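Heads up: the structure comes next, in structure tokens.
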Amino acid sequence: MRATDLGPCSRDPRGRDAEVMRTGLPSVPLGRVRGIGVGAHWSTIVAVLVMAQVVAVSVLPRAAPGHPASAYWVAGVLASLAFMLSLLAHELAHALTAQRFDITVTRIDLWLLGGVSRLSSPPRAPRAEFLIAVAGPATSVVVGVLAGAAGTVLAAWGAPALVVSPVLWLAVTNGVLAVFNLVPAAPLDGGRVLAAAVWWRTGDERRGTAVAAVAGKAFGLVLAAAGLAQVFAGAVSGLWLVLLGAYLVVSGAAEQSAGEVRHRLGGLLVRDVMTADPMIAPGWWTVRGFLRGLVSGPHRRVFPVVSFDGTVLGVVSLAELARVDDPLTTRISDACRALPDVPVASPEEPLVDLLARTPLGRGRDVVLVLRGPNLAGVVGPEDVAWALELSRSVPIEHHEVTS
Ligand SMILES: [Zn+2]
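Residues in the sequence shown are numbered consecutively from 672, following the working numbering.
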């Protein structure tokens, strides 16, 4: 649809990609639970196959001998899929507990090394941090006990070992999942429990995050070293531990710097760092006319787009304007990204909450700050960098609202 006069911006066809970039994982949607999108990254298939292979090749031929390989593989794939469901239950337990503390959960993704629940903001108190963290392993323990009981009952009823063994494997694997995740090392659940404990004892959230992050990096190095030793001893499966260890080291470091940023920007609201009264792109102008005016203008690359009556329509970037085929006749309102695809914040929102739900970067180059229907300002990567660098030496304080 090509709008003619003061029409709205088009819906960004890349909106979905932008979402992918934001979450970091292009995820296949599986459904929604209580408003939380659940998806699986393609690497989940690798995880399912690796676990199915363990059951089909190592577990079942010993526990239930005398069956064809195809029977082992069918049972292995079913057991592996059941494990993925129990992993989802673990993640949902984190997510639903977070919702009870009024934290929005944007989505849950399964991937190669497990599951990730994405919270829109970090817990505000050690108790919330602790309960959200333990909900996952507690659920895995419950699932493990139920599977163990089911396996025992099936065995007592005389069910074939080919059925009983995968159920018992599911019980043991859920137990291992709970125990492994309770190792006190970020980003594992046990790391969050440790962070919550230090936070509760010292009243210092940053210290909790830092302690858990250091433990995470150390545990990651130990795992990677153990994996390498296995590989040198001839066990290729050690590569799995190397991968897991490397992931823990990288995530531990990321959590530490995120904690540092939270601490430095912790007291700030969006209005404290936004660029107020930014240069706007009038939606009714032609692309060519606007671009000509920019030659001597401010060196901005992204502009809020407003209609003739002042309604905020969306956002347009210099790159998008430069791609327009017919700049002489195309209006800016026909070239811009419409509001639903552009992140929006209120001036009174805590800055760290905004950054948690909308990391600024490729595809997310600006956040529109709206006071009611009106444009109050914009927040871009430059504004955040300004706040981070300035706060190293001078505390940035709230601007008082005068209007
Ligand atoms: Zn967990």
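Glycine included, C-beta positions come from ideal geometry on N, C-alpha and C. Quantities reported herein were computed from a predicted structural model and do not represent experimental measurements.
Beta-bridge partners of residue i, as assigned by DSSP
i	result
N1045	R1042
I707	V704
W782	G785
H712	S698
G960	Beta-bridge pairing links G960 to no other residue.
T946	V1049
P953	V977
V776	L790
A1009	G985
L940	P1021
Local conformation of residue i per DSSP, three classes
i	result
G968	coil
V907	coil
L859	coil
A796	coil
A735	coil
V814	helix
V1055	helix
V1015	strand
L892	helix
T823	helix
L999	coil
W871	helix
M722	helix
R878	helix
V1037	coil
S1118	Because the chain is modelled from 672 through 1074, residue 1118 falls outside the range shown and cannot be assessed.
Own chain partners of residue i with C-beta closer than 6 Å, once the 5 adjacent residues on each side are dropped
i	result
A769	V776, L790, I803
D1024	S792
L1010	G985
R877	G930, H934
A883	A857, G862, L865, A866
L817	none
L1046	P975, V983
N852	P808, L859, D860
R798	none
Contacting residues, own chain, Cβ-Cβ under 8 Å from residue i (five flanking each side not counted)
i	result
T694	Its pLDDT being 44, under 50, T694 is placed unreliably in this model, and the value from its coordinates should be taken loosely. So the qualifying residues of the chain are T777, R778, D780, R789.
A886	P855, A856, A857, G862, L865, G923
A764	A806, G807, A809, T810
Boundaries of the beta strand (DSSP E) in which residue i is found, first to last residue
i	result
G1051	Here G1051 belongs to no beta strand (DSSP E), and DSSP marks it neither H nor E.
Beta-carbon proximity list for residue i, same chain, < 7 Å, skipping 5 on both sides
i	result
A881	Q927, G930
T1084	Any question about residue 1084 goes unanswered here, given that the chain covers just 672 to 1074.
S751	V719, M722, A723, V726
W840	V726, V730, A750
L962	L992, P998
Delimiting residues of the alpha helix (DSSP H) encompassing residue i
i	result
V977	No alpha helix (DSSP H) contains V977, which is instead part of the beta strand (DSSP E) from 973-977.
S751	740-771
V986	Premise fails: V986 lies in the beta strand (DSSP E), 983-988, not in any alpha helix (DSSP H).
G846	832-852
V1023	1022-1028
D1005	1003-1006
*Would you check if the stretch 778-785 and the stretch 710-719 touch, i.e. whether three or more CB-CB distances between them fall below 8 Å?*
Yes, since at least three Cβ pairs between the stretch 710-719 and the stretch 778-785 fall closer than 8 Å, the two stretches touch.
*Should the stretch 936-946 be regarded as contacting the stretch 810-818, the criterion being three or more beta carbon pairs within less than 8 Å?*
no
*Answer yes if the stretch 989-999 comes into contact with the stretch 1015-1032, meaning at least three C-beta pairs across the two stretches below 8 Å, and no otherwise.*
no
*asked:* Contact between the stretch 824-837 and the stretch 890-906 is defined here as three or more beta-carbon pairs at a separation below 8 Å; is this criterion met?
replied: Too few Cβ pairs lie closer than 8 Å, so no.
*Three or more C-beta pairs below 8 Å linking the stretch 739-757 and the stretch 854-864*: They do not touch, by the three-pair rule.
_Measuring CB atoms only, is the stretch 877-892 touching the stretch 914-921, in the sense that at least three cross pairs come out at less than 8 Å?_
yes
*Does the stretch 702-715 come close enough to the stretch 730-747 to have 3 or more Cβ pairs within less than 8 Å?*
no
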